[in-house]
Ligand SMILES: [Zn+2]
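Numbering (this note's numbering), first residue to last: 21 to 167.
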């Protein structure tokens, strides 16, 4: 058969012309022995169903291709947008982690300072007690020394 677009000789079973890339419609080629048009014209009652099938096939193909393209683009967009939101999420998580660590550190230091203050108070109290006891100890020491 010959290409419907450029007219060059091509194999009968090819779907696309190897020279120009035009899609080859078998039913459009009169020289090609395609059974569907002849069967449609020969059988009367079955002509509607058998004739509609080859006509619907390219539509189905186009629909499938369009669906695939839409799915691929949607998946690509989804993946791209997901990647972007993932980056955003990672950044936000890192920020949150940093903030959490900072707050934890702050709480730790607060606890530490509180413990330090408590310890200081304890030390102060002990020192006060020691000072309160010191004269007594000195007195006892003095009394023992004077004895
Ligand atoms: Zn061609």
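Note that CB positions come from ideal geometry on N, CA and C, so glycine has one too. Please read all numbers here as calculations on a predicted model, not as lab measurements.
Inset, instruction - Leaving aside the five residues before and after residue 170 along the sequence, list all residues of the same chain whose C-beta is less than 8 Å from its C-beta, in chain order. - result: A query on residue 170 cannot be resolved here, the shown segment of the chain reaching from 21 to 167 and no further.
Inset, instruction - Could you pull out every residue in the same chain whose Cβ sits closer than 7 Å to the Cβ of residue 35, ignoring the five residues on either side in sequence? - result: On the chain shown, residue 35 is found 15 positions in, with the first residue counted as 1. Correct list, in chain order: 43, 44.
Legend entry - Any non-hydrogen atom of ligand 1 closer than 7 Å to residue 35 Cβ: In the chain shown, residue 35 corresponds to position 15, counting from 1. No, Cβ of residue 35 sits at least 7 Å from all heavy atoms of ligand 1.
Inset, instruction - Enumerate in chain order the residues of its own chain whose CB-to-CB distance from residue 138 is below 7 Å, with the five nearest sequence positions on each side excluded. - result: Here residue 138 refers to the residue found at position 118 of the chain shown. Closer than 7 Å at Cβ, skipping near neighbours: no residue.
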